[in-house]
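Report on the following structure.
Numbering (the numbering used here), first residue to last: 36 to 244.
Below is the structure:
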């Protein structure tokens, strides 16, 4: 018969694993709650540029419902006078053309002057949205931006733009299926929590002084 200490070891290991799993679960769902609450509030203030983050383009260059909701929200902010320019950020995904060019074309049809629209059409992630947009924003001398995206996406997006030294406010595109469907809203919010926990440097980014 094995010594008593060896008999207890598997039980202790299971207990530790269960505790660790419980802590991780609480952390994920706690952060998911923060992500959801943050995204459900309109925070847009006057800025130098409104930055619109891309989403899927459908076949024949048609914007997906999520992309259209973001464009319409950004156009509304432009017409309110919150910023003199819109920067559309997003490269070519599964279906061409680029998300940025599709957004620009829709915005122009909705009454935004073409000269007020800037394109960043190389990015394929939130990190690249921020990094590739920075060059254009710096060339304009921009310091304050409003970022437009789905509600679940806004906390992470803000943090990436903060890492590049911008003062950031956010504006949610509420009228998207990822927000209107309770199941989709839950899925995308929890997914964001995992994405943030995987990049603590992003999560801890502060407003520039």
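Built from N, CA and C at the ideal position, the CB exists for glycine as well.
Given the structure is predicted, the values throughout are model-derived calculations rather than measurements.
#1: I need the boundaries of the alpha helix (DSSP H) containing residue 236, first residue and last residue.
#2: Rounded to a whole number of angstroms, what is the C-alpha to C-alpha distance between residue 130 and residue 46?
#3: Pull up the CB-CB distance for residue 209 and residue 243, whole angstroms please, since I reckon it's below 8 Å.
#4: Decide if residue 194 is buried, meaning its Cβ has at least 16 other Cβ atoms within 10 Å, or exposed.
#5: How is residue 259 classed by DSSP in three states: helix, strand or coil?
#6: By a C-beta neighbour count over all protein chains shown, 10 Å radius and 16 as the cutoff for buried, is residue 205 buried or exposed?
#7: Taking just the CA atoms, how far does residue 144 sit from residue 223?
#8: Distance check for residue 49 and residue 140, CA to CA, integer angstroms please.
#9: What residue from 192, 236, 152 has the CA that sits closest to residue 88's CA?
#10: Is it right to say residue 156 is buried, meaning 16 or more other beta carbons lie within 10 angstroms of its own, or is it exposed?
#11: Between which residues of its own chain and residue 101 is the CB-CB distance below 8 Å, once the five residues before and five after are set aside?
#12: Over the uninterrupted alpha helix (DSSP H) stretch that includes residue 242, give me the two end residues.
#13: Output needed for residue 128: all residues of its chain with C-beta closer than 7 Å, excluding positions within five of it in sequence on either side, in chain order.
On the basis of the coordinates in this document:
#1: Annotation for residue 236: the continuous alpha helix (DSSP H) segment containing it runs 235-238.
#2: Cα atoms of residue 130 and residue 46: separation of roughly 53 Å, rounded to the nearest angstrom.
#3: Not a contact, Cβ separation roughly 28 Å.
#4: Classification of residue 194: buried, given that the 10 Å Cβ count is 16 or more.
#5: Since the first residue shown for the chain is 36 and the last is 244, residue 259 is missing from the structure and cannot be characterised.
#6: With 16 or more neighbouring CB atoms inside 10 Å of its own CB, residue 205 falls in the buried class.
#7: Distance between the alpha carbons of residue 223 and residue 144 is about 30 Å.
#8: Roughly 57 Å separates the two Cα atoms.
#9: The shortest CA-to-CA distance from residue 88 to any of 192, 236, 152 is the one to 192.
#10: Residue 156 is buried by the Cβ-count criterion.
#11: For residue 101, same chain residues with a beta-carbon under 8 Å away, outside a window of 5 residues either side, are 90, 91, 185, 208, 211, 212, 213 in chain order.
#12: Careful: residue 242 lies outside any alpha helix (DSSP H) and carries neither H nor E.
#13: Closer than 7 Å at the Cβ level, and outside the excluded window around residue 128, lie 91, 92, 134.
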